[in-house]
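Sequential numbering of the sequence shown, starting at 4, is according to my numbering. We put the beta carbon where it would ideally sit given N, CA and C, even for glycine. Predicted model only: the values in this text are computed from it and were never measured. The next block holds one structure in the form of structure tokens; read it before the comments.
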Amino acid sequence: MSLFGDLASGISQALGAGIGSLGGPLGTMIGREIGGVIGDFVAGAADQFLGLANDAAQDSDLPEAAKFVLNTAYDIGFN
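This is how it looks when you write it as structure tokens:
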């Protein structure tokens, strides 16, 4: 998974576990699982959207330096 995906999943798992802890140990486990699924969904959606934006930027008439910076940032965050 990508750096962004790991971050989104971890935050969602922590939030889910925190909210689920109100229901005890079982609630914590269920909350962590649901949070992980939500985090994976958010990461996947962001990956697709920003991948399309990166592709559009690479096909545009931006200066080569700007294309390089955008592509590098995308690669670091999502690959």
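Whole-Å CB distance - residue i paired with residue j, under 8 Å assumed
| i | j | result |
| --- | --- | --- |
| residue 56 | residue 70 | Rounded, the Cβ-Cβ distance is 12 Å, inconsistent with contact. |
Residue environment, residue i, which counts as buried when at least 16 other CB atoms sit within 10 Å
| i | result |
| --- | --- |
| residue 27 | exposed |
| residue 50 | buried |
| residue 19 | buried |
| residue 11 | buried |
| residue 54 | exposed |
| residue 46 | buried |
Beta-carbon spacing of residue i, residue j below 8 Å
| i | j | result |
| --- | --- | --- |
| residue 2 | residue 22 | Nothing can be reported for residue 2: it is not among the residues displayed for the chain, which extend from 4 to 82. |
| residue 41 | residue 15 | yes |
| residue 5 | residue 52 | no |
Tell me the start and end of each unbroken alpha helix (DSSP H) in the region 37 to 78 that is at least 4 residues and wholly inside, in chain order. none
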